[in-house]
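These protein sequences, in sequence, are chains S and L. Per my numbering, the first sequence starts with residue 1, numbered consecutively. Per my numbering, the second sequence starts with residue 420, numbered consecutively.
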Amino acid sequence: MTSATEVREERPERLDPEKIRRDFPALQQEVHGKPLVYLDSAATSQRPQVVIDAVRSFYEHDNANVHRGVHALSERATARYERVRQTACNFFHGNDAREFVFTKGTTESINLLAHSFVRPRLAKGDEILITQLEHHSNIVPWQLLCEETGAKLVVAPINDEGEVEMNRFEALLGDRTRFASVAHVSNALGTVNPVREMIRLAHTNDVPILIDGAQAVARMPVDFQELGCDFYALSSHKMCGPTGVGILWGRLPLLQAMRPYQGGGDMILSVSFDGTTYNEVPHRFEAGTPNIAGVIGMGAAFEYLSGIGMDRIRSYEEELLGYGVHRLMEVRGLRLVGNAIRKSGVLSFLLEGVHPHDVGTVLDREGVAVRAGHHCAQPVMERFGVAATVRASLGVYNNREDIDRLVTGLQRVTEMFRR
Amino acid sequence: MSDLDDLYQDIVLDHGNRPRNFRVMEAPDHEAEGYNPLCGDRIHLYLQVEDGVIADLSIQGSGCAISTASASLLTEVLRGKTEAEARELFDEVHTMITGDPTAGRSDAEVEQLGKLAALSGVRQFPARVKCATLVWHTLIKALDGDEAHARTE
């Protein structure tokens with residue numbers, strides 16, 4: 001075991017969930033006459049007051065376009081916007097703030113990479129490797145590329161517990177593999193993929209690899225240098241920041257060799273009808289006026305989460321997930337879908353004889369917000385032979401009482417449908 | 420909890436658990452598949468029409484209690500109705516489920532809907548309206564002979 005792992009095994013000081021809950025104004029409400037229990041953070045997290053305040057203060061004081069004006073407001077807006085690149089670099093332990101491209105979110109990050117990095121490298125018969133537990137946003141961009149180029153999408157299967165079969169993953173990395181893209185954490189099952197091993201295997205085969213970190217970044221420390229991946233995609237809104245903003249991180253020489261994604265303002269140095277010179281990385285990939293307030297809010301979210309400590313968050317959520325599994329096992333007729341040994345933040349399940357949508361509706365009336373459906377991961381549902389599951393997903397602000405309320409709500413569902 | 424009881428009335432739970440006419444029809448005159456991409460509900464509807472009158476209906480598929488009950492009730496209510504009457508009922512049901520709750524209906528109107536009135540509670544649950552209307556959109560597709568799948572988007 002490496003020393004990094006040993007450090008992690010020292011249990012960090014337990015965080016105080018009651019104190020954290022008070023930071024989130026949306027949690028202080030009743031739904032259908034009952035205090036809200038929010039268990040849908042895998043869809044989107046709630047935002048702490050500091051994030052809301054950061055967005056608000058930008059609009060109230062510094063609102064101007066970035067990288068354009070010579071006036072005071074534009075300078076302040078640019079400084080606040082660009083500072084977030086450094087905050088992100090510190091948060092994820094990058095090498096250089098220029099490696100952080102601001103996007104609309106994970107989906108755009110993946111599409112950008114597909115267009116600007118992967119597409120020029122593909123010829124007919126080439127392969128892109130993903131896994132069976134991917135979110136649709138880490139499937140469809142590659143299918144589109146394959147349609148255009150005649151390349152083939154290769155899928156590493158998962159086992160009955162919802163874990164990627166690593167011997168298959170390794171075997172599928174072949175001579176024609178030009179790119180690999182895998183989720184860090186499955187949104188539908190909570191499986192934590194052995195991404196360091198996947199990255200190592202990809203690199204052994206000279207295959208560049210992207211990690212889709214949408215579900216991981218709110219739940220565990222993520223260190224890009226330690227991981228060693230080539231690219232990493234994430235969304236702000238899963239980690240307490242605003243919607244409509246995210247990051248594509250990439251190793252600088254790779255980003256510098258990439259062609260632009262969208263054309264427009266800010267991504268160019270000079271434009272003429274004889275030819276246009278593109279701007280430096282990362283601005284080359286940020287055409288048009290960006291989501292300035294969103295980026296600033298995302299920066300506040302990084303600072304908020306750093307203030308708590310990602311180690312403590314991981315440790316707390318592991319404990320809460322364990323409690324959740326334990327309590328759900330008490331519910332008659334409940335079956336968990338996805339029992340990976342390494343799992344984070346997601347309880348996906350079925351209640352015998354009751355469709356997930358009906359479970360979701362009854363829970364909502366009990367004030368408990370969960371997601372019911374295929375979670376934008378239909379191949380995962382198909383693998384387990386179901387159309388949908390109920391998904392309760394955790395955030396840093398959840399506590400044991402939330403789990404207890406979920407269990408009480410499920411008992412109410414059972415009463416209702418077995419009367 | 421009263422609105423939940425409105426949604427999951429006994430008749431809805433009964434038809435949701437034990438859908439009637441749940442079988443594949445060998446030689447239907449019309450058929451269509453309804454699919455709700457949001458939740459994966461899938462209903463296949465088969466119709467036999469004799470002299471413009473619906474002589475037999477059956478359903479297959481999987482879905483939640485609301486979509487299954489709605490489909491099951493449809494197979495019971497439409498038997499013996501003309502195509503034109505079936506289309507009128509589509510409008511009636513659609514209005515009942517999506518319409519203005521304060522509009523109010525006469526007793527005679529509710530009477531005419533018969534068992535289908537059990538679906539009226541869906542109106543208080545906007546997220547579930549598509550579950551209840553899926554089979555009805557599928558019916559129109561089947562009658563129109565539209566080969567495209569009915570979708571509740």
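Even for Gly, the Cβ is constructed at its ideal location relative to N, Cα and C.
| said: Using 7 Å as the threshold, is the C-beta distance between Arg-391/S and Ser-348/S below it? | reply: It is a contact, given that the beta carbons lie within the stated cut-off.
| said: How far does the beta strand (DSSP E) with Ala-79/S in it extend, from its first residue to its last? | reply: Note, Ala-79/S: premise wrong, no beta strand (DSSP E); alpha helix (DSSP H) at 72-92.
| DSSP state of Glu-127/S, grouped into three classes? | Residue state, collapsed to three classes: strand.
| When we look at the beta-carbon of Gln-132/S and count the other beta-carbons within 10 Å, is it buried (16 or more) or exposed? | Residue burial is scored here from C-beta neighbours: Gln-132/S has at least 16 other C-beta atoms within 10 angstroms and is therefore classed as buried.
| query | So what does DSSP say about Leu-133/S, is it helix, strand or coil? | reply | Reduced to three states, the DSSP call for Leu-133/S is coil.
| said: Checking the sheet assignment: what are the DSSP bridge partners for Asn-455/L? | reply: Per DSSP, the beta bridge partners of Asn-455/L are Asp-460/L.
| said: Using a Cβ-Cβ cutoff of less than 7 Å, which residues in the same chain neighbour Gly-428/S once the five nearest sequence positions on both sides are dropped? | reply: The structure shown does not extend to residue 428/S, since chain S spans only 1 to 419, so no value can be given for it.
| field | Pair within 7 Å by beta-carbon distance, Glu-319/S and Gly-345/S | value | The answer is no: Cβ separation not under 7 Å.
| task | State yes or no: is the beta carbon of Arg-14/S nearer than 7 Å to at least one beta carbon in chain L? | result | No - not a single Cβ of chain L is within 7 Å of the one on Arg-14/S.
| query | How many whole angstroms separate the CB atoms of Gly-162/S and Ser-186/S, which I take to be in contact at a CB cut-off of 8 Å? | reply | Between Gly-162/S and Ser-186/S a beta carbon distance of about 7 Å is seen, short of the 8 Å cut, so the two are scored as contacting.
| query | Taking the C-alpha atoms as reference points, what is the distance between His-71/S and Pro-253/S? | reply | Pairing His-71/S with Pro-253/S, the inter-Cα distance amounts to about 34 Å.
| query | Where Thr-557/L and Arg-506/L are concerned, what is the direct C-alpha to C-alpha distance, given to the nearest angstrom? | reply | Roughly 12 Å between the two C-alpha positions.
| message | What are the residues in the stretch 333-358 of chain S lying within 9 Å of chain L by C-beta distance? | response | Residues of the stretch 333-358 of chain S with a C-beta atom less than 9 Å from some C-beta of chain L are Gly-353, Val-354, His-355, Pro-356, His-357, Asp-358, listed in chain order.
| said: On the criterion of 16 or more Cβ atoms from any shown chain inside 10 Å, does Leu-394/S qualify as buried, or is it exposed? | reply: Buried.
| message | By DSSP's criteria, Thr-414/S is part of a beta bridge. Which residues make up the other side? | response | According to DSSP, residue pairing for Thr-414/S in a beta bridge does not occur.
| message | Cutting at 8 Å between CB atoms, please list the residues of its own chain near Pro-120/S, excluding the five before and the five after it. | response | The residues are Arg-259.
| field | Alpha carbon of Tyr-465/L to alpha carbon of Asn-436/L, nearest angstrom | value | Rounded to the nearest whole angstrom, the C-alpha separation of Tyr-465/L and Asn-436/L is 20 Å.
| Measuring CB to CB, does Tyr-304/S end up less than 7 Å from Val-84/S? | Not in contact: Tyr-304/S and Val-84/S (Cβ atoms no closer than 7 Å).
| said: By alpha-carbon positions, which one of His-283/S, Ser-236/S, Phe-273/S, Ile-268/S ends up nearest to Met-255/S? | reply: Correcting the residue identity first, residue 255/S is Leu in this sequence and not Met. Comparing Cα-Cα distances from Leu-255/S to each of His-283/S, Ser-236/S, Phe-273/S, Ile-268/S, the minimum goes to His-283/S.
| query | Given Gly-213/S, which residues of its chain have a CB within under 7 Å of its CB, disregarding the five upstream and five downstream residues? | reply | Result list for Gly-213/S: His-184, Val-222, Tyr-232, Ala-233, Leu-234, in chain order.
| query | Is the Cβ of Ala-490/L closer than 7 Å to any Cβ of chain S? | reply | Output row for Ala-490/L: interface = no.
| message | Beta carbons nearer than 7 Å to chain L: which residues of the stretch 360-371 of chain S have them? | response | Along the stretch 360-371 of chain S, the positions whose C-beta sits under 7 Å from a C-beta of chain L are Thr-361, Val-362, Arg-365, read in chain order.
| query | Is Ala-387/S close to chain L, meaning its C-beta is less than 7 Å from at least one C-beta of that chain? | reply | For Ala-387/S, the closest Cβ of chain L is nearer than 7 Å.
| Is Leu-432/L helix, strand or coil by DSSP? | Reduced to three states, the DSSP call for Leu-432/L is helix.
| Can you find a CB in chain S that lies within less than 7 Å of the CB of Gly-471/L? | For Gly-471/L, the answer is no, since every Cβ of chain S falls outside 7 Å of its Cβ.
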